[in-house]
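Asker: Would you mind keeping the following structure in view while I ask a few things?
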Amino acid sequence: MKICALIPTHNHHEVLGDVVARVREHDLPVIIIDDGSNVTTEQKVQALHDPENGVTCYRLPENGGKGVAVMQGMAYASAAGFSHAVQIDADGQHDLDRLSDMLDRARENPSALITGLPIYDESIPTGRKIGRWVTHVWVWIETLSTDIRDSMCGFRVYPVKESLAVWHEEGAGNKMDFDTELMVRLYWRGVPILHVPTKVTYPQGNISNFRMWADNVLISWMHTRLVFGMLARLPGYLLRGGKFAKPQTTADGDNAGRDQNNQNAQDEDASHHWAEIDERGIYFGMRFLGTVYRFAGRHVCLVVMLPIILYFFLTGRIARRASHDFLRRSEQHGGGVAPTRWNSFRHFLRFGESALDKVAAWSGEMKESDLELPKDAEGLFDYMPRNQAAVLLVSHFGNMELVRAIASRDRNFRVNVLLHQKNAARFGRVLQKLAPESQVNLIEVTDIGPDTAIMLRERVERGEWIVIAADRVAIGARDKTISVPFFGEDAQFPQGPFILAYLLQCPVYMSAAWRTGKTFKIVWHKLTDQLILPRANRTEAITQYAAQYAQWLENIVVREPLQWFNFYDFWAKKKAEDDQ
């Protein structure tokens, strides 16, 4: 393995000599590419030319852009027998104290691309920070993963052969679109991407080569190319079980990915600011969407999310079939939305919109004026008793995250939401970071055991609400189902929520919330003051309560069928019945 340093420059010369000196301390040969700089920079670069002492300078007669300069430098490096090139900016932004760590990582993983994971100080311009997060989101879409945490840092170690292959066979951007596009295309080829946290500073008086209009257009066009490139690779990606290409291998035949070990080493190497980076990545991504929602609105957010929604629509055969089946049933019951392919896509779009509304609700962007609450006969808001515990039966219709907006109206009032998805705890932590002051507790429940029942009973005694989804099976493995009519055919509803409500011995309400134009409508209706489940006919009693709930829910859902988000065969028969 033979490594050199590659420094492209266009009109940056103030600290170039210092950067070269720091790199030479690591005994790395240096290749400087003068990308058509002005006379002053040209003279400074030529003064550094000293091949006998490991510094070689080349000049491009015209400014071709960073991509052209770097790849021309790699061609020189390849001709000189170098297998890897460390790309370093000439303006002194990068923390060269981390160079040893990057070189060590490259030697351990010779088939990987090693990149800096920027830790910015206060010098980063706000516009750059926002722009980087826009690119992060697009790269996650283009790679269908979050493996690339930052694609814009110019401090990285390239495998020269693989990088030149991309350049010659596929091409990449010539200017500010270069770093991101080359990394994504290498990732598509199976090159592992490994990160090393590094401080990045924007020096005072730094001359930026970024052209606000022209480079933003180039970057937008780059993301367009990459999105379509991702879609073209989808069939192979699915056939390989979620891989764009077979991972590269090291010289000794071991898998260069060794993702878990490298990830652990990387995380140990990071400062506490970067601890739990995956969870923080989700948090900052959601925070970013919340910021975009605030300043640019939900339509811009939907544009960002559109490729993801399109991907799931095109590849989600089961979900498409479920959407078509549900729209057919709802139309037969007066739903007013025909079961066409376009309306199924609209169904998926509404699901994406609901995700944005969740972010807005938990980011504090949802105002009281956005909510349309029930009113009594005198036109006053008709609240459920706020000094009395209650169980709220909700469903995967609309957006029950709005319950947070209700709870936040009273700082002494708390709501507990039971979740049984596998990723509930992690998602809950992210939501809590978005709104640490929230009056909503998210509780992961895998089974209703004695401990859970005691905990919830204590909260009921404090007058808190318990919110639980009553449309999906099940809270835990011991849940059973009952069959009740729903849109013209028996569907399976869980017994668990009704058994829980019986154990808690408090009023039970049915509740729903959904978007209507620019506002959100919230409704609730009391099912009973207290569930009664006689021992002799408990299943029959649960079935009666569930049937009342299903009928109420059907009357709500038929008004807005595109906001029903159960994308599976909701009317599938129980396996036990099929086996008989």
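Take 18 as the starting number for the sequence shown in the working numbering and just add one per residue.
Using N, Cα and C, we set each Cβ at its ideal position, and we do this for glycine too.
Keep in mind that this is a model prediction, so the values were computed, not measured.
#1: What does the Cβ neighbour count give for Gln531, buried or exposed, with the cut at 16 atoms within 10 Å?
#2: Here's the rule I'm using: 16 or more other beta-carbon atoms within 10 Å means buried, otherwise exposed. How should Gly505 be labelled?
#3: Measuring alpha carbon to alpha carbon, tell me which of Val72, Ala38 and Asp586 ends up nearest Asp338.
#4: Under the DSSP definition of a beta bridge, which residues are partnered with Ser162?
#5: Among Ile559, Glu42 and Glu159, which has the Cα closest to the Cα of Val201?
#6: Ends of the beta strand (DSSP E) at Gly101?
#7: Note down the Cα distance separating Leu77 from Val244, rounded to an integer number of angstroms.
#8: Got a sec, what are the start and stop residues for the alpha helix (DSSP H) Val40 sits in?
#9: Alpha helix (DSSP H) containing Val348: first to last residue?
#10: Do Gln104 and Arg173 have their C-beta atoms closer together than 8 Å?
#11: Apart from the five residues on each side of it in sequence, which residues of its chain come closer than 7 Å, Cβ to Cβ, to Leu520?
#12: If you compare alpha carbons, which of Tyr75, His153, Pro176 and Tyr175 is closest to Ile165?
#13: Are the beta-carbon atoms belonging to Phe99 and Val183 less than 8 Å from one another?
#14: Among the candidates Met91, His27 and Ser117, whose CA atom is the shortest distance from the CA of Arg41?
#15: Taking the CB atoms as reference points, tell me whether Ile48 and Ala86 lie closer together than 8 Å.
#16: Below 8 Å on the Cβ atoms is my contact criterion, and I expect His350 with Asn583 to pass it. Report the Cβ-Cβ distance as a whole number of Å.
#17: Trp588 and Ala508: beta carbons closer than 8 Å?
#18: To the nearest angstrom, how far is the alpha carbon of Tyr566 from that of Val501?
#19: Between the C-alpha atoms of Ala336 and Trp581, what's the straight-line distance to the nearest angstrom?
#20: Can you round the beta-carbon distance between Cys523 and Val408 to whole angstroms, since I take them to be within the 8 Å contact cut?
#21: I need the straight-line Cα distance from Leu366 to Gly71, nearest angstrom please.
#22: Three or more C-beta pairs under 8 Å: does that hold for the stretch 475-489 against the stretch 367-379?
#23: Would a C-beta distance cut-off of 8 Å place Leu436 and Leu459 closer than the cut-off?
#24: Determine the contact status of Glu577 and Phe503, defining contact as a CB-CB distance below 8 Å.
#25: Can you name, in chain order, every residue of its own chain whose Cβ lies under 7 Å from the Cβ of Met18, other than the five neighbours on each side?
#26: Count the other C-beta atoms from every protein chain shown that fall within 10 angstroms of the C-beta of Ala22, then say buried if there are 16 or more, exposed otherwise.
#27: Using the rule of at least 16 other Cβ atoms within 10 Å of the residue's Cβ for burial, across every protein chain shown, is Val317 buried or exposed?
#28: Nearest to Gly480 by CA position, among Ala406, Thr215, Leu323 and His341, is which residue?
#29: Do you know offhand how far Ile549's Cα is from Ser168's?
#30: Since Lys375 and Asn416 should fall inside the 8 Å C-beta cutoff, what is the C-beta to C-beta distance between them, to a whole number of angstroms?
Answerer: On the basis of the supplied data:
#1: For the sequence presented, residue 531 should be read as Trp rather than Gln. Burial call: buried.
#2: exposed
#3: It is Arg, not Asp, that sits at residue 338 in the sequence shown. The option with the nearest alpha carbon to Arg338 is Asp586.
#4: In DSSP, Ser162 forms no bridge with anything.
#5: Glu159
#6: Checking the sequence, you will find His at residue 101 rather than Gly. Counting along the chain, the beta strand (DSSP E) containing His101 begins and ends at His101 to Gln104.
#7: 32 Å
#8: Leu33 to Arg41
#9: It should be pointed out that residue 348 corresponds to Glu in this sequence rather than to Val. Run containing Glu348: Arg334 to Gln349, per the alpha helix (DSSP H) assignment.
#10: yes
#11: Ala470
#12: Checking every option, the nearest Cα to that of Ile165 belongs to His153.
#13: Contact: no.
#14: Ser117
#15: no
#16: Their Cβ separation, rounded to whole angstroms, is 16 Å, which puts His350 and Asn583 out of contact at 8 Å.
#17: yes
#18: 10 Å
#19: 12 Å
#20: 6 Å
#21: 57 Å
#22: no
#23: Closer than 8 Å, so yes.
#24: No. Outside cutoff.
#25: Ser100, His101, Arg124 and Pro127
#26: buried
#27: exposed
#28: Residue Ala406 is the option with its Cα nearest to Gly480.
#29: Between Ile549 and Ser168, the C-alpha separation is close to 59 Å.
#30: 6 Å
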